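For reference, the structure discussed in these notes is given below.
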Amino acid sequence: MNAIIALVLRSLFIFLSYLFVGWIGFTIFKDLKHHLHKTKSESVPPITLNIEGTEEVFHVAEIILGRDPACDFPLLDDAISLRHCKIKYHHNQWWAEDLDSTNGSFLNDSIIEAPIVLTNDDELKLGRINITIKFN
């Protein structure tokens, strides 16, 4: 009788182990499928930053501008902070935000005090550099 109970318990343990592994695989599959769908639906439209005829196109959701060479768009001007300004894509719009820079960031000659929506042909002024924003 003890051997039968041991066999039933072992069989139950193996069944529950396979069920647990299957549940983990299903959860991972569902998460990956959700992530893939989310990535496709939230694709970032390209944005072009133009400085005096030099253009650079970005396809990422966040761009850091500043004097630091590690920035996404490094700028050579002593009036610009290391991490001066951030351009970010969310809620289907491009936004500009000053990163507490020393001399401030300006959008169309108005100081940026809070995140602000960018439009095509806006002019962003950081230090002595003017950047024209274009959407492709």
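Quick note on this note's numbering: the sequence shown kicks off at -13 and runs consecutively. Here a beta-carbon is modelled for each residue, glycine too, at the ideal position from N, C-alpha and C. Quantities reported herein were computed from a predicted structural model and do not represent experimental measurements.
- Pairing Ile10 with Leu(-5), the inter-Cα distance amounts to about 22 Å.
- For Glu109, the uninterrupted beta strand (DSSP E) run begins and ends at Glu109 to Leu112, by DSSP.
- In this structure, the CA atom of Thr40 is about 36 Å from the CA atom of His21.
- Residue state for Ser87 is assigned as coil, using DSSP reduced to three classes.
- Rounded to the nearest angstrom, the Cβ distance from Leu68 to Leu61 is 10 Å, too far for a contact under 8 Å.
- Cα atoms of Ile37 and Ile117: separation of roughly 5 Å, rounded to the nearest angstrom.
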